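**Student:** Protein chains in written order, with my numbering: chain A, 1 to 339; chain B, 1 to 112.
A virtual CB, placed ideally from N, CA and C, is assigned to each residue, including glycine.
Source: prediction; values computed, not measured.
#1: Less than 8 angstroms between CB atoms is the rule here; does residue 304 of chain A satisfy it with respect to chain B?
#2: At a CB distance below 7 angstroms, what residues from the segment 297 to 327 of chain A approach chain B? Give them in sequence order.
#3: List the whole-angstrom C-beta distance separating residue 25 of chain A from residue 113 of chain A, where the pair is believed to meet the contact cut-off of C-beta under 8 angstroms.
#4: Residues in the same chain with beta-carbon distance under 7 angstroms from residue 286 of chain A, minus the five sequence neighbours each way, listed in chain order, please.
#5: What's the gap between the Cα of residue 276 of chain A and the Cα of residue 70 of chain A?
#6: Which of the three DSSP states, helix, strand or coil, is assigned to residue 72 of chain B?
#7: Taking a Cβ distance cut-off of 8 angstroms, strictly less, list which residues of the segment 283 to 295 of chain A are near chain B, in chain order.
#8: Within 8 angstroms of any Cβ in chain B, is that where the Cβ of residue 89 of chain A sits?
#9: State yes or no: is the C-beta of residue 63 of chain A within less than 8 angstroms of the C-beta of residue 84 of chain A?
#10: Can you tell which of A/139, A/54, A/338 has the C-alpha that lies nearest to the C-alpha of residue 100 of chain A?
#11: Would you kindly work out how many angstroms separate the C-alpha atoms of residue 174 of chain A and residue 212 of chain A, rounded to a whole number?
#12: Taking 8 angstroms as the cut-off, decide whether the C-beta atoms of residue 29 of chain B and residue 18 of chain B are in contact.
#13: Could you give the first and the last residue of the continuous beta strand (DSSP E) run that contains residue 169 of chain A?
#14: Need the endpoints of the beta strand (DSSP E) that residue 198 of chain A sits in, please.
#15: Should residue 63 of chain B and residue 8 of chain B be called a contact, given that it needs their Cβ atoms to be closer than 8 angstroms?
#16: Can we say the segment 304 to 320 of chain A touches the segment 75 to 82 of chain B, given the rule of at least three CB pairs closer than 8 angstroms?
#17: Around the Cβ of residue 70 of chain B, are there at least 16 other Cβ atoms within 10 angstroms (buried) or fewer (exposed)?
#18: Leaving out five residues before and five after residue 241 of chain A in sequence, what residues of the same chain have Cβ atoms less than 8 angstroms from its Cβ?
#19: Could you tell me the distance, in whole angstroms, from the CA atom of residue 72 of chain B to the CA atom of residue 310 of chain A?
#20: Please tell me whether residue 129 of chain A and residue 147 of chain A are closer than 8 angstroms, where the distance is taken between their beta carbons.
#21: Please confirm if residue 12 of chain B has its CB atom under 8 angstroms from at least one CB of chain A.
#22: With DSSP collapsed to three states, give me the class of residue 118 of chain A.
#23: Which of the three DSSP states is assigned to residue 284 of chain A in this structure?
#24: Following the continuous alpha helix (DSSP H) through residue 2 of chain A, name the residue where it begins and the one where it ends.
#25: Select from the segment 37 to 69 of chain B all residues with a C-beta closer than 7 angstroms to any C-beta belonging to chain A, and list them in chain order.
#26: Going by DSSP in three states, residue 2 of chain B sits in which element: helix, strand or coil?
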C-alpha cells in the first residue's frame, strides 16, 4: 500500500519544491498538500493520511492548532514540524504537543524523506496481510489479546479504515467519516481487505463498549439483510450517518448546546453549559472596554481563573457559560460560538 | 521594552500591546494609544482572572496576568490564537526578569 503524506505550508514555492523533491520516493509514499491548517483538516477528513509534515506559522489555522487537532482526532498519525522560525521554546512546545519530529528550515529534502520513511515503516511493524476477511482476522486479535493499530483497505472500493486494539479489546474504529461502533460495522462488512498491523496503540479513549464478537455478529446480520433486499436500492453505508439536525432556537442554553453539538461535536473538553448571571458585572466591564476600543458588540469571551475548569461566556439577556477543561479545543469552540 | 514585544507586534493582525499595573495604571503602550478610564476600571474588575480572550464584532482583546500587572493585546479577528498564546508564554519570563530588582514601573515609559 502506497502511503499518503500530507505536507502543510502556506509557502507555495516550498510546497512545490518539497513535492518535486520527494517524487523519487513515490513507490513508498505519495504527497498531498494543503496551504494551511484548515485545508489540512479537510484532507485528514477526506483522505487516509499516514503522516503529516507541517509548518507552524500559517494563516487561518496555524501548525500548533493543527497539531492539537491531530492529537485529538488522529492520534496515530505522526506529525513532523518544519519551521523557519525556530526557537528552543517552540521546539519544546511542539514536542510536548505530540510532534515526533522538529526540523528547522532550511533542511535537506532527503533527510526529511528518511525521517518520513522511518516513521511510515512503523505502520506495518507487525506485518502486512493481503486478501483476508476483516472479521475472521480481527477475532484473532481479540483471542491473542493484541495491542495494536490495524489499518485496512477494502480492495473493491479502495475504502480505508483503522481499528485500535488494547489487550485484545476493540477501543475505537474510524472510516469514511464514521467513528466508533458505526465505523466498526462498516469495516467488518468488508470481505476482501489488505491490512497493516502496527504493534502499538496510541488511542487511549474507548469509544466502543461492546465486545468484538457482538459487533461482528451484528455486522454480518446487517450485511445479510442488505443482500436479501433484492430489487430495493441498497443504502450506501450499513450504518448511515444521522441526518443533520435542525437547530431549534429555544432558550440561550439550548441554542449554545445545539451549536456546540453541530459545529464542534463531542470530546472537545466541553463540561457543561448553563446560565450564570454572576458574570454580568464582568460582561458590563468588557462591553465598556469594547466601546472604548470601538470594537463593536461583545460576542464571546474565554476566561481562565486558575480553577479546574475554564469558562466561555456568551453575553445576551442573561450570560450563558460553557464550562470547559483547560486543555479544550478553545479556538474551535470560540469560533463556533462567535459566528 | 519595545523589543520584548517585537515578535508579538510582528504577528499578523496584532494592532497593539498595553502593559498595566495590577491597579490598571497604564505602564506601556505600543503603538501609542489613546486609552480612556474604561481600561483601568476593567483591569480592576478582573479579580482572580489569569487570562481572558474577548472577541468582539470587529476586533479582539487578549488579556494575560503577569507578576506585576496585566499584558493586554489588541487584535484583529484573524490573528492566530495559538500562535499568540505561544508568544505571550515566551514574553512573560522576560517581563519578570526585566522587573527584577529595579521595579517594573521604572522600566516602562509612562504614557501620560
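**Tutor:** Reading it off the structure:
#1: Position 304 of the first chain holds residue 304 of chain A. It does; some Cβ of chain B falls within 8 angstroms.
#2: The residues in question are 297, 298, 299, 300, 301, 302, 303, 304, 305, 306.
#3: Taking the first residue of the first chain as position 1, residue 25 of chain A is located at position 25. Taking the first residue of the first chain as position 1, residue 113 of chain A is located at position 113. The C-beta separation of residue 25 of chain A from residue 113 of chain A comes to about 5 angstroms, placing the pair in contact by the 8 angstroms criterion.
#4: As a working mapping, residue 286 of chain A is identified with position 286 in the first chain. 298, 301.
#5: Your numbering for residue 276 of chain A matches position 276 in the first chain. Your numbering for residue 70 of chain A matches position 70 in the first chain. Taking the straight line joining both Cα atoms gives about 33 angstroms.
#6: By one-based count along the second chain, residue 72 of chain B stands at place 72. Three-state result, residue 72 of chain B: strand.
#7: Listed by position, the residues of the segment 283 to 295 of chain A near chain B (Cβ gap below 8 angstroms) are 285, 286, 288, 289, 290, 291, 292, 293, 294, 295.
#8: The residue given as residue 89 of chain A occupies position 89 in the first chain. Yes, its Cβ sits closer than 8 angstroms to a Cβ of chain B.
#9: Reading the first chain from its first residue, position 63 is the one you call residue 63 of chain A. Reading the first chain from its first residue, position 84 is the one you call residue 84 of chain A. The beta carbons of residue 63 of chain A and residue 84 of chain A sit no closer together than 8 angstroms.
#10: Counting from one through the first chain, the residue named residue 100 of chain A turns up at place 100. The shortest C-alpha separation from residue 100 of chain A is found at A/54.
#11: What you label residue 174 of chain A is simply residue 174 of the first chain in a count that begins at 1. What you label residue 212 of chain A is simply residue 212 of the first chain in a count that begins at 1. Cα to Cα, residue 174 of chain A sits roughly 15 angstroms from residue 212 of chain A.
#12: Your numbering for residue 29 of chain B matches position 29 in the second chain. Your numbering for residue 18 of chain B matches position 18 in the second chain. Yes. Within cutoff.
#13: Residue 169 of chain A sits at position 169 when you count from the first residue of the first chain. That run of the beta strand (DSSP E) goes 169 to 175.
#14: The count along the first chain starts at 1 and reaches residue 198 of chain A at position 198. Going by DSSP, residue 198 of chain A is part of the beta strand (DSSP E) stretching over 193 to 198.
#15: Taking the second chain and counting its residues from 1, one reaches residue 63 of chain B at position 63. Taking the second chain and counting its residues from 1, one reaches residue 8 of chain B at position 8. The Cβ-Cβ distance between residue 63 of chain B and residue 8 of chain B does not fall below 8 angstroms.
#16: Fewer than three beta-carbon pairs drawn from the segment 304 to 320 of chain A and the segment 75 to 82 of chain B are found closer than 8 angstroms, and the two stretches are therefore not classed as touching.
#17: The residue you call residue 70 of chain B lines up with position 70 of the second chain. It is buried - the Cβ of residue 70 of chain B has at least 16 other Cβ atoms within 10 Å.
#18: In the first chain, counting from the first residue as 1, residue 241 of chain A sits at position 241. Reliability of the predicted coordinates at residue 241 of chain A is poor, the pLDDT of 40 falling under 50, and no value is obtained from them.
#19: Residue 72 of chain B sits at position 72 when you count from the first residue of the second chain. Residue 310 of chain A sits at position 310 when you count from the first residue of the first chain. Roughly 19 angstroms between the two C-alpha positions.
#20: Residue 129 of chain A sits at position 129 when you count from the first residue of the first chain. Residue 147 of chain A sits at position 147 when you count from the first residue of the first chain. No.
#21: Sequence index remark: in the second chain, residue 12 of chain B carries index 12 (1-based). Yes - at least one Cβ of chain A is within 8 angstroms of the one on residue 12 of chain B.
#22: By 1-based counting over the first chain, the position of residue 118 of chain A is 118. Looking at residue 118 of chain A - three-state DSSP - the assignment turns out to be helix.
#23: Residue numbering aside, residue 284 of chain A sits at position 284 when the first chain is read from its first letter. Helix at residue 284 of chain A.
#24: Here residue 2 of chain A refers to the residue found at position 2 when the first chain is read from its first residue. First-last for residue 2 of chain A: undefined, no H or E at that position.
#25: Shown in chain order are the members of the segment 37 to 69 of chain B whose Cβ falls below 7 angstroms from a Cβ of chain A: 38, 39, 41, 42, 45, 48, 49, 50, 51, 52, 53, 54, 55, 56, 57, 58, 59, 61.
#26: Here residue 2 of chain B refers to the residue found at position 2 when the second chain is read from its first residue. Here residue 2 of chain B sits in helix by DSSP.
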